[in-house]
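Presented below is the structure to which this report refers.
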Amino acid sequence: MYYSAPVFDGEFTGRVVINTTNSEGFIDRFITKHAGYTFLKRFQIGRHEYFVFEINDTQRTRKISKEIEDFDIKNLKLDSEVDFVNQEKRYRRVPKTDDTEWSNLWHLNDDVSPSMKVNEAWNAGYTGSGITIAILDDGLQTDHTDLDANVDTVNDYDYQSTDDNPIPDVGDSHGTKVAGLIAAEKDNNECTVGIAYESTIIGVRILGTSGLTDSEEAQALNHHLSGVDIYSNSWGPTDGYGFSEPGTITKSALLDGITSGRGGKGVIYTWASGNGETTDNCNGDGYVNSIYTIGVTSVEEGQNAWYSEVCAASLAATYGGSSNNRYLKNLTKNEKSPETNMSSKLNMNDFKSENIAIDSFIRL
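Just so you know, full-length UniProt numbering puts 178 at position 178 of the sequence shown, and the rest follows in order with no gaps.
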């Protein structure tokens, strides 16, 4: 679990995101007209350029409220140069779901019927070579011995810490498990093999202790847009807490990705349908039911996996793990390392990974 307190509807932050009608020299003009703001960064989503400012709480008599929009936002909306303004909320987002362990990989080795035909695809020459996938998750152990040959460390990023090192926090291993199912190296005498074992993966850390804002989600979903083919998303709103949808900037990012990504062919966004069991319904998840994403659910031995949500928004299903039935093995670490508290061996138990299998098949 990532958060010490519930953030279901989001909590207002001191960050304000602005789109302007005249970006040339806008930063200086804005700070001159509106005292008490500090410029943080600017970023591009499609044709729109956004500016992020921080409210300087020390220069004001009234503190920023977590529940109510700041009183000064109305003034910003009246500024003739401001086309769009949003005081950012921070939302809780959670994870959704000669190799020594080959015999245990029942979802790959045809030890189940109907088979997902992974061996047949490999024998036909489809290995994921030339395809790049960005894994948006709780981080990626980029130096893992069963992954490192397939990791693009030049373009990875951490949107939680705003640096280029996506190594997860101690105890977080979900993103590394995702990466292993997709792109673990083949025939390296290590634990397992990924479905698309010659593909390239980029670690994009978005999950952590502080939640996510609309602009952070948007930037992550357009991260290295010119070089990514598929964005893997095994995360989303907290299970069982009503309806939730992407913010305004995130919706713009998804549209930009599917229209301008991959040289105009559009990138592919896959999304795990969720682990809410029968207490949740992924029709109410605006990320899964978006027309720009492929929602994926999980099955086990001819029925829905015990943890999976069932909804019309799910467009595909793959085999997934179950503690009540068969086990899907995937990456995690047993021997502790200083950085991640994970082991050097890829060990896979009951990993809910329907979305990742689809990512890999799309690559093939």
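Glycine included, each C-beta is placed from N, C-alpha and C at the ideal position.
Other residues of its chain near residue i: CB distance less than 6 Å, five sequence neighbours each side excluded
i	result
V85	I18, L76, K77
K336	Residue placement at K336 cannot be trusted, given a pLDDT of 32 that sits under 50; what the coordinates show is reported in the next sentence. The answer is none, since no qualifying residue turns up.
G261	L225, V267
V151	T142, I201
F243	G284
A317	T297, V299
V288	W271, S273, C282, G295, A313
F51	I18, R42
Check whether residue i and residue j have beta carbons under 7 Å apart
i	j	result
G295	S314	yes
Y269	T238	no
N233	L147	no
S298	S290	no
R15	E49	no
H223	A305	no
A183	I167	no
D156	G208	no
S210	I249	no
D138	H174	yes
E81	T20	yes
T132	G257	no
C311	N275	no
Option in the options with minimal Cα separation from residue i
i	options	result
N188	E81, I206, H144, I202	H144
Y159	S308, E54, R205, V16	R205
A179	I55, G194, N119	G194
F26	D70, N289, K63, D83	D83
T13	A253, D57, R29	D57
N46	S273, A312, L255, N281	Per the sequence presented here, residue 46 reads as Gly, with Asn not at that position. Minimum Cα distance to G46 is reached at L255.
T127	I73, D164, S199, C191	S199
P95	W235, A316, S273, A253	W235
residue 365	C311, V154, V170	For the chain, the structure presents residues 1 to 364; residue 365 sits outside this window and is missing.
K33	D79, C191, I258	D79
N119	G264, Y197, G227, D280	Y197
K63	G36, F30, M116	G36
S129	K186, D9, Q303, D280	K186
D9	T213, F51, F30, T259	T213
Chain-order list of residues whose beta-carbon lies under 7 Å from that of residue i (same chain, five-residue window excluded)
i	result
E11	K66, K89, R90
Y2	For Y2, the predicted model reports a pLDDT of 41, less than 50, meaning its position is unreliable; a value from the coordinates is still stated below. Cβ within range, chain order: V94, L207, G208, T209.
S23	E49
N324	The predicted position of N324 is uncertain, since its pLDDT is 43 and thus under 50; no value can be drawn from it.
T38	F53, E54, N56
A149	E185
D172	D138, G139
P259	The residue you asked about is not Pro; residue 259 is Thr in the sequence shown. Excluding sequence neighbours, T259 sits near G266.
residue 405	Residue numbering for the chain in the displayed model covers 1 to 364; residue 405 lies beyond these limits and cannot be assessed.
N165	D158
Residue i burial status per 10 Å Cβ neighbour count (16 or more: buried)
i	result
residue 383	Absent from the structure is residue 383, since the part of the chain shown begins at 1 and ends at 364.
F71	exposed
K251	buried
P114	exposed
Q141	buried
K177	buried
D28	exposed
G247	buried
E217	buried
Q87	buried
T279	exposed
residue 375	It is not possible to answer for residue 375, since the shown part of the chain is limited to 1 through 364.
N190	This sequence places Glu at residue 190; Asn is not what is there. Its Cβ being crowded by 16 or more others within 10 Å, E190 is buried.
Spatial neighbours of residue i in its chain, beta-carbon cut-off 8 Å, leaving aside the 5 residues before and after
i	result
Q219	F43, I45, Y159, A253
I73	V16, V85, Q87
R60	G36
Any non-hydrogen atom of the ligand NAD within 6 Å of residue i CB
i	result
E11	Because no ligand of any kind appears in the structure shown, any question about the ligand NAD cannot be addressed here.
Just to confirm the assignment: which complete beta strand (DSSP E) runs, minimum length 3, are found wholly within the region 103–147? With a minimum length of 3 residues, the continuous beta strand (DSSP E) runs that stay inside the region 103–147 are 132–137.
At which residue ranges does the region 231–311 contain complete alpha helix (DSSP H) runs of 4 or more residues, listed in the order of the chain? 248–260
Considering only residues of the region 157–189, which uninterrupted beta strand (DSSP E) runs meet the minimum length of 3 residues and lie entirely inside it, listed in chain order? none
Segments assigned beta strand (DSSP E), at least 3 residues, entirely inside the region 17–91: 37–45, 48–55, 82–90
Within the region 186–227, note down every full beta strand (DSSP E) run reaching 3 residues or more, in order along the chain. For the beta strand (DSSP E) assignment, the uninterrupted runs of no fewer than 3 residues enclosed by the region 186–227 are, from N- to C-terminal side, 200–205.
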